[in-house]
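*Asks:* Taking the working numbering, the leading residue of the sequence shown gets 1, the next gets one more, and so forth. Glycine residues also receive a C-beta, built at the ideal position from the N, C-alpha and C atoms. This structure is a prediction, so every number in the text was calculated from the model and none was measured.
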Amino acid sequence: MNRDYLAALALICPTCRAAGRGDQPLALAHAALEDRGDIVEGALQCAHPSCLREHPIVDGIPIVVADFAAWSRHQLDAVLRRRDLTPFTTSLLGDAAGPGTVLDDARRNASIYGAAHYGAAHDEGGFVDVVRAALALAPPPPALALDLGCSVGRGTFELAAAGAEVAVGIDLDFAMLQIAARARARGVARYERRRSGVVYEPRETAVPHAAETRAGTAFVCADATNLPFAAGRAAHALALNVVDCVPDPAKLLAELARVLAPAASAVVASPYDWTPTATPVAAWLGGHSQRGELAGAPEANLRAALPQLGLALVSDHTNVPWRLRVHDRATMEYSVHVVHVRRA
C-alpha cells in the first residue's frame with residue numbers, strides 16, 4: 001500500500017459504519033515495515049473515541065473489516081501461511097495432506113483464478129475478455145475506481161491501464177489478495193497451476209501494465225457489502241462475477257450505489273451461478289420462484305432491482321463468454337450477463 005495513496009483513499013472505519021457512528025476516518029497509526037514507499041506492515045486506526053479500532057496492514061494489504069475476529073476464523077490461516085517453501089516441499093506437503101484440506105483448497109483456488117487472470121489467452125483466458133467488455137461499456141475517468149471482488153487482481157490492473165488515477169482492488173479472500181499485491185510489487189504473478197488431483201506446477205507470468213500502474217493501484221481486504229469508503233467517493237467501479245458470491249447481492253448493489261459519485265458509472269457482471277453455501281436462496285436474484293411474474297430469470301430480476309437500489313440501467317449484454325480452467329482435463333464454461341449501470 002503506497003503511503004501517498006493511502007491518504008488519497010480516505011478509508012473509513014467499517015466497524016463504526018456498522019455501529020451507526022457514521023463515516024469515521026482511518027489514519028495511519030504505525031508503519032512497522034516499508035519498502036520503496038509502500039507500507040508493507042503496519043496499522044490503521046479509527047479516531048472515534050468509542051471505537052479506536054486498529055486495522056492491520058499485512059503484506060501491503062490493509063485489512064479493513066467490521067469484525068476482525070469473525071473474519072480471522074476463515075482467513076487468518078492465509079495471513080500466517082509460509083510463502084518461502086520450495087515447490088518440492090509444497091508438493092510434498094500437498095501429497096501428505098491430501099485433498100479437501102485447507103492447503104489443497106488454497107492451492108486449487110489460486111490455480112483457478114491465477115490461470116484465469118494471468119494464463120495464456122489461447123488455453124486459459126476468458127476473464128480478461130470479460131474485463132475488457134466491461135471497460136468498453138464504461139471506461140473509467142481519471143479518478144478513484146473500485147474493483148469489487150478483485151480476486152488476484154487482473155481487473156484492477158486493467159482499470160488503472162484504462163485511465164483510472166487510482167484503482168483499488170477489494171476482496172475478502174486474503175490469499176487471493178496476496179497474489180495480487182505481490183504481482184503489483186514485483187510485476188510478476190506467481191501461483192501454482194493444477195495439473196490433476198493434488199499435482200501442481202509453479203507458474204510465473206509477467207503482469208501487463210505493471211510498471212506504469214504500480215503507483216496507482218492498491219489492494220484492500222474488505223467486505224463489498226460494507227465498503228470502507230464514504231458516500232460518493234468513487235468515480236467508477238467494477239463488480240465482476242461477485243454478485244452470486246456474497247450473502248446479500250441486493251446489499252452489495254446498494255453499497256455500490258452508495259459509494260459511487262452522482263451520475264458515476266459501474267459495470268456489474270455475473271453468470272448467476274447461485275449456491276446456497278455462498279448466498280441464501282431467499283437472497284438470490286432469480287434462480288427460484290419460476291411461477292412469478294419474472295419466471296425466475298436472474299437478468300430480469302437484476303434489472304427490476306436496480307431502481308430500488310439507487311442504480312439506473314444504461315445497457316447490458318446477456319451472453320459474454322467466460323471460461324475457468326479447473327485442471328488439465330476440465331474447464332468450466334460460463335455465459336456472463338454484463339450490465340452497465342449509473343448511480344441515479
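Look up Gly42 in the DSSP assignment and say whether it is helix, strand or coil.
*Replies:* Three-state DSSP puts Gly42 in a strand.
*Asks:* For Trp71, report the span of its alpha helix (DSSP H) as first-last.
*Replies:* Unbroken alpha helix (DSSP H) run through Trp71: Phe68 to Leu80.
*Asks:* If you draw a straight line from the C-alpha of Glu124 to the C-alpha of Leu85, how long is it?
*Replies:* Its pLDDT being 48, under 50, Glu124 is placed unreliably in this model, and the value from its coordinates should be taken loosely. Taking the straight line from one Cα to the other gives about 26 Å.
*Asks:* Identify the continuous alpha helix (DSSP H) that holds Phe127 and give its terminal residues.
*Replies:* Element bounds for Phe127: Phe127 to Leu137.
*Asks:* Could you tell me the distance, in whole angstroms, from the CA atom of Ser151 to the CA atom of Asp171?
*Replies:* Looking at the two C-alpha atoms, the distance is approximately 6 Å.
*Asks:* According to DSSP, what are the bridge partners of Tyr334?
*Replies:* For Tyr334, which the question treats as bridged, DSSP gives the partners Trp322.
*Asks:* So, at 6 Å on beta carbons, what are the nonlocal neighbours of Asp23 in its own chain, with the 5 sequence-adjacent residues on each side left out?
*Replies:* Answer for Asp23: Ile12 and Ala230, listed in chain order.
*Asks:* Which two residues bound the contiguous alpha helix (DSSP H) that contains Tyr272?
*Replies:* No alpha helix (DSSP H) contains Tyr272, which DSSP labels as neither H nor E.
*Asks:* Should Gly114 and Val242 be called a contact, given that it needs their Cβ atoms to be closer than 9 Å?
*Replies:* Result no, Cβ atoms of Gly114 and Val242 do not sit closer than 9 Å.
*Asks:* Classify Asn319 as buried or exposed, calling it buried when 16 or more other Cβ atoms lie within 10 Å of its own Cβ.
*Replies:* So Asn319 ends up on the exposed side.
*Asks:* Can you check whether the CB of His288 is closer than 9 Å to the CB of Leu260?
*Replies:* No; because the gap between Cβ atoms is not below 9 Å, this pair is not in contact.
*Asks:* In three-state DSSP terms, what is Pro140?
*Replies:* Looking at Pro140 - three-state DSSP - the assignment turns out to be coil, as it is neither helix nor strand.
*Asks:* Mind pulling the alpha helix (DSSP H) runs of 4 or more residues that sit fully within the segment 193–254?
*Replies:* The qualifying runs are 210–213.
*Asks:* Using the beta-carbon count (16 or more within 10 Å), is Leu227 buried or exposed?
*Replies:* With 16 or more Cβ atoms within 10 Å of its Cβ, Leu227 is classed as buried.
*Asks:* Measure how close the beta-carbons of Ala297 and Val341 come, nearest whole angstrom, since I'm counting them as under 8 Å.
*Replies:* Not confirmed; about 18 Å, so no contact.
*Asks:* Thinking C-alpha only, which one of Asp105, Arg214 and Pro307 is nearest Ala180?
*Replies:* Taking only the C-alpha atoms, the option nearest Ala180 is Arg214.
*Asks:* Keeping to the same chain, check which residues put their C-beta closer than 7 Å to that of Cys16; ignore five residues upstream and five downstream.
*Replies:* Excluding sequence neighbours, Cys16 sits near Gly22, Gln24, Cys46, His48 and Cys51.
*Asks:* Which partner residues of Leu313 appear in the DSSP bridge assignment?
*Replies:* BP columns for Leu313 point to Val341.
*Asks:* When DSSP builds the beta bridges, which residues end up paired with Asn345?
*Replies:* With the chain covering 1 to 344 only, the question about residue 345 has no answer from this structure.
*Asks:* In the DSSP assignment, find the beta strand (DSSP E) that holds Ala167 and state where it starts and stops.
*Replies:* Run containing Ala167: Val166 to Asp171, per the beta strand (DSSP E) assignment.
*Asks:* Counting C-beta neighbours from all protein chains within 10 Å, is the total for Ala264 16 or more, i.e. buried, or is it exposed?
*Replies:* By the 10 Å Cβ count, Ala264 comes out buried.
*Asks:* Quick one: give me the first and last residue of the alpha helix (DSSP H) that Ile112 is part of.
*Replies:* Residues Val102 to Tyr118.
*Asks:* Consult DSSP for Leu306 and reduce its assignment to one of helix, strand or coil.
*Replies:* Coil.
*Asks:* Glu293 lies in the beta strand (DSSP E); which residues open and close that run?
*Replies:* Careful: Glu293 lies outside any beta strand (DSSP E) and carries neither H nor E.
*Asks:* For Ser315, count the other beta carbons within 10 Å of its own beta carbon; 16 or more makes it buried, fewer makes it exposed. Which is it?
*Replies:* It is exposed - the Cβ of Ser315 has fewer than 16 other Cβ atoms within 10 Å.
*Asks:* Between Gly197 and Pro62, is the Cβ-Cβ spacing less than 9 Å?
*Replies:* No, Cβ-Cβ distance for Gly197 and Pro62 is not below 9 Å.
*Asks:* So Asp244 packs on Ala278, CB below 8 Å; how close in whole Å?
*Replies:* Asp244 to Ala278, Cβ: 7 Å. Contact.
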